[in-house]
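Q: Chains A and B are the protein sequences, given in the same order. Residue numbering for the first sequence follows the numbering used here, starting at 155 and increasing by one per position. Residue numbering for the second sequence follows the numbering used here, starting at 5 and increasing by one per position. Got a structure for you, written out below as structure tokens; questions coming shortly.
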Amino acid sequence: MRTRLLTNRSLSLIALFLSVLIVLLSTMRINTSIHNTTWLEVEQLPATRLGEILMHTTGSSPPRGVALVMVSYTRMYSLREAYEAADLVILGKIIYTEHYTWNIKRPYMGKALTFEEPYSYHRVKVIEVFKGNPISDIIIVAQFGGLDSKGRLVIVPEDPPMEEGELVILFLKGPREKGDFVKYPGKEYCHMSVFGRFKVIDGKVYSAMYFLPEEKNGISCRSIAERLLKGLEGYREVNGITIEEFLKLIRS
Amino acid sequence: MKLNLTIPSSRLHEKVDSEQRKSTCHSSNATISISYADARRKLLLLIIMIELVYVAYMLVLISPVAAWTTIGKKWPSPPYPNLSYANTCDGTEWTATETSLSDWENIDATNPPNFYVYDPDNPNEPHISIWDPYEPDVTWDGRAIIWYSGDWIVFVEIQINEYYTSTYEFDKVRSVAGHEIGHALGLGDESEDKAVLMNPNSARRYDEFGIYKPTQDEVNGINYLYGG
């Protein structure tokens, strides 16, 4: 008589298990669809703010209010790689922010198109230097985004504009001599975006996946920063650690 | 437990094998003894096979490979997505961007995008403007600035950072341009470990995975956004 590896009872259990698995997978499929369409929860600005912005828009063009910026990175950096790539690493305080809009004309089919690019030029008071030599006690850090000359808002979700009064640790490149958005040649630095921006609160250091607000001007910042940083070594640990512990982490 | 069936002997050969026939045939009619347990077993095996096929299908559907995202905004319909563009780039950046626009037009989607050259005499602005600033020391090689109102994209500016792309080979510039055009159409970023165009890390997207034009994942995303 032929022996059977599986009894009917076992087969029934397998069929039942597969049925349960199908139900679970169906649920996951639904959740995945939802996740796919909403992970970047971009919402409309509050009516008052949007109204204020739309007042600045012209009649013939479609209304423009707020813009989000999606970035393609040349590469991504682990915490230590970012530290090694930086020219200057400081603990500093944002003491003043200058909003400036570049109006750049480009030739196009015998005419010209104008591109408006809002930049924020932060004055940062250097409190402590961890790497490199700053050119002065107060340095200029350029950051893309902010308000343009028409009051419209441009936000890089994972790197929204820094604000006056913030205490930050910045991984910086520069000073930059040339470039289309260099306002202060030889004097301004730029930070390494989400890989080189940390906030210090009550003496504790946080990476962007922790200190960014869940939502800023209708754009979910923290979840996007988390999505970018979570697979990279080092950033997950920067969640309320002391400056000494942070330095140990980046120099280890 | 036994199940007894009586069927005409003329159809017997269709129902049972010869071994069973030998043991159960009578002169005019045949009584076949089929084990109920065997029938149940066959039924269970059939159910399991169907379920396995379905599970495999579901696993393909929820596979991380098929995990496009959107920015939660898209172009209004109509026109969808029938967009004017002004490409003011120079040299390789211009050619790569034009090639990439063509890549997107030729995807196998239900409603693939169509791009047409913006007429500078048009009083309205183009849907998409493209240029190639030179910005050293930053971490980006391309970015899309997406202006929206409510649920709709109203204007997109694409920047290709010439500081980096002037050192890239042609298909890598095409990869950056294609990624930004994907954003311009409403697609979001993917994880950096995925071999798809919407991977936000150029070093992995192109240098490691060799992706420079839309994959099936992006096509699925476009079908979701614009019909399919």
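Glycine residues also receive a C-beta, built at the ideal position from the N, C-alpha and C atoms.
If contact is defined by three or more beta carbon pairs under 8 Å, each pair taking one atom from either stretch, is the segment 99-117 of chain B in contact with the segment 295-311 of chain A?
A: No, they do not touch.
Q: Closer than 8 Å, CB to CB, is A/Cys344 near chain B or not?
A: The residue labelled residue 344 of chain A in the question sits at position 190 within the first sequence. A/Cys344 counts as touching chain B.
Q: Among residues of its own chain, excluding the 5 on either side of B/Tyr167, which ones have a beta-carbon nearer than 6 Å to its beta-carbon?
A: If you number the second sequence from 1, residue 167 of chain B lands on position 163. Within the same chain, B/Tyr167 has close Cβ partners Tyr138, Glu139 and Pro140.
Q: Counting along the chain, where does the beta strand (DSSP E) carrying A/Phe284 start and finish?
A: Counting from 1 along the first sequence, the entry for residue 284 of chain A is found at position 130. Per DSSP, A/Phe284 belongs to the beta strand (DSSP E) from Lys265 to Lys285.
Q: For B/Leu50, count the other beta carbons within 10 Å of its own beta carbon; 16 or more makes it buried, fewer makes it exposed. Which is it?
A: Position 46 of the second sequence, counting from 1, holds the residue named residue 50 of chain B. Exposed, because fewer than 16 other Cβ atoms sit within 10 Å of the Cβ of B/Leu50.
Q: Since A/Asn162 meets chain B, which of its residues come closer than 8 Å, beta carbon to beta carbon?
A: What you label residue 162 of chain A is simply residue 8 of the first sequence in a count that begins at 1. The answer, in chain order, is Ala41, Arg44, Arg45 and Leu48.
Q: Which of the residues in the segment 337-364 of chain A, read from start to end, lie with their CB under 7 Å from any CB of chain B?
A: For the segment 337-364 of chain A, which is checked against every Cβ of chain B, the residues closer than 7 Å are Cys344, Met346, Ser347 and Phe349.
Q: For A/Thr396, count neighbouring C-beta atoms within 10 Å of its own C-beta (all shown protein chains included) and say buried if the count is 16 or more, exposed if not.
A: As a first step, residue 396 of chain A must be located in the first sequence, where it is residue number 242. Counting Cβ neighbours within 10 Å, A/Thr396 comes out exposed, since fewer than 16 surround it.
Q: Starting from the beta carbon of B/Arg147, find every residue of chain A whose beta carbon is closer than 7 Å, and list them in chain order.
A: Taking the first residue of the second sequence as position 1, residue 147 of chain B is located at position 143. Within chain A, the residues near B/Arg147 are Val223, Met224, Val225 and Ser226.
Q: Where does B/Asp94 fall in DSSP's three states?
A: Translated into the one-based positions of the second sequence, residue 94 of chain B becomes position 90. Here B/Asp94 sits in coil by DSSP.
Q: List the residues of chain A whose Cβ lies closer than 8 Å to the Cβ of B/Pro218, in chain order.
A: Position 214 of the second sequence, counted from the start, is the residue given in the question as residue 218 of chain B. Those within 8 Å of B/Pro218 in chain A number zero; the least Cβ separation is about 15 Å.
Q: Give the single residue among B/Asn165, B/Tyr228, B/Thr219 and B/His131 whose Cα lies nearest to the Cα of B/Trp96.
A: Position 92 of the second sequence, counted from the start, is the residue given in the question as residue 96 of chain B. Looking at the sequence itself, residue 96 of chain B is Thr, so the reference to Trp does not match. Comparing Cα positions, the closest option is B/Asn165.
Q: Let me see if you follow: with CB-CB separation under 8 Å, is A/Leu165 close to chain B or not?
A: The residue you call residue 165 of chain A lines up with position 11 of the first sequence. Yes, its Cβ sits closer than 8 Å to a Cβ of chain B.
Q: Would you say B/Pro204 reaches chain A, if we count a Cβ-Cβ gap shorter than 8 Å as a contact?
A: Stepping through the second sequence from its first residue, residue 204 of chain B is reached at position 200. Yes, because at least one Cβ of chain A sits closer than 8 Å to the Cβ of B/Pro204.
Q: Apply the 10 Å Cβ neighbour rule to A/Lys332 and answer buried if 16 or more other Cβ atoms are within range, or exposed otherwise.
A: In the first sequence, counting from the first residue as 1, residue 332 of chain A sits at position 178. Per the 10 Å Cβ criterion, exposed.
Q: Can you tell me whether A/Ile378 is buried or exposed? The criterion is at least 16 other CB atoms within 10 Å of its CB, across all chains shown.
A: On the first sequence, residue 378 of chain A is found 224 positions in, with the first residue counted as 1. The residue in question, A/Ile378, is buried, as its Cβ has 16 or more Cβ neighbours within 10 Å.
Q: Closer than 8 Å, Cβ to any Cβ of chain A: which residues of the segment 187-200 of chain B, in chain order?
A: From the segment 187-200 of chain B, only His187, Gly192, Asp193, Ser195, Glu196 and Asp197 have a Cβ closer than 8 Å to chain A.
Q: Quick one: which residues of the segment 233-264 of chain A get their C-beta closer than 8 Å to a C-beta of chain B? List them in chain order.
A: The segment 233-264 of chain A vs chain B, Cβ under 8 Å: Ile258, Arg260, Pro261, Tyr262, Met263 and Gly264.
Q: Looking only at DSSP bridge pairs, what is A/His109 linked to?
A: Limits of chain A in this structure are 155 at one end and 406 at the other, which puts residue 109 of chain A out of reach.
Q: For A/Leu242, is the classification buried or exposed, using 16 other Cβ atoms within 10 angstroms of its Cβ as the cut-off for buried?
A: Here residue 242 of chain A refers to the residue found at position 88 of the first sequence. Buried: at least 16 other Cβ atoms inside 10 Å.
Q: What are the uninterrupted segments assigned as alpha helix (DSSP H) that are 4 or more residues long and contained completely in the segment 141-205 of chain B, given in chain order?
A: For the segment 141-205 of chain B, whole alpha helix (DSSP H) runs of length 4 or above, ordered along the chain, are 166-169 and 174-189.
Q: Am I right that B/Asp193 and B/Thr169 are in contact with their C-beta atoms under 8 Å? What's the rounded C-beta distance?
A: Locating residue 193 of chain B in the second sequence gives position 189, where the first residue counts as 1. Locating residue 169 of chain B in the second sequence gives position 165, where the first residue counts as 1. That belief does not hold up - the Cβ atoms of B/Asp193 and B/Thr169 are roughly 19 Å apart, past 8 Å.
Q: In this structure, does DSSP put B/Ile111 in helix, strand or coil?
A: Locating residue 111 of chain B in the second sequence gives position 107, counting from the first residue. Reduced to three states, the DSSP call for B/Ile111 is coil.
Q: Answer with yes or no whether the minimum CB distance from B/Glu102 to chain A is below 8 Å.
A: Stepping through the second sequence from its first residue, residue 102 of chain B is reached at position 98. It does not: the Cβ of B/Glu102 has no partner Cβ on chain A nearer than 8 Å.
Q: Ordered along the chain, which non-local residues of its own chain (more than five positions away) have a Cβ less than 6 Å from that of A/Ile281?
A: In the first sequence, counting from the first residue as 1, residue 281 of chain A sits at position 127. Result list for A/Ile281: Leu245 and Gly246, in chain order.
Q: Mind pulling the chain B residues with CB within less than 9 Å of A/Ile176?
A: Mapped onto the first sequence, residue 176 of chain A falls at position 22. Result: Glu55, Tyr58, Val59 and Met62.
Q: Near B/Val180, what residues of its chain come up, given a Cβ to Cβ distance below 7 Å and the 5 sequence neighbours on each side ignored?
A: Stepping through the second sequence from its first residue, residue 180 of chain B is reached at position 176. Counting only Cβ-Cβ distances below 7 Å, and skipping sequence neighbours, we find Asp145, Gly146, Ile164, Thr169 and Ser206.
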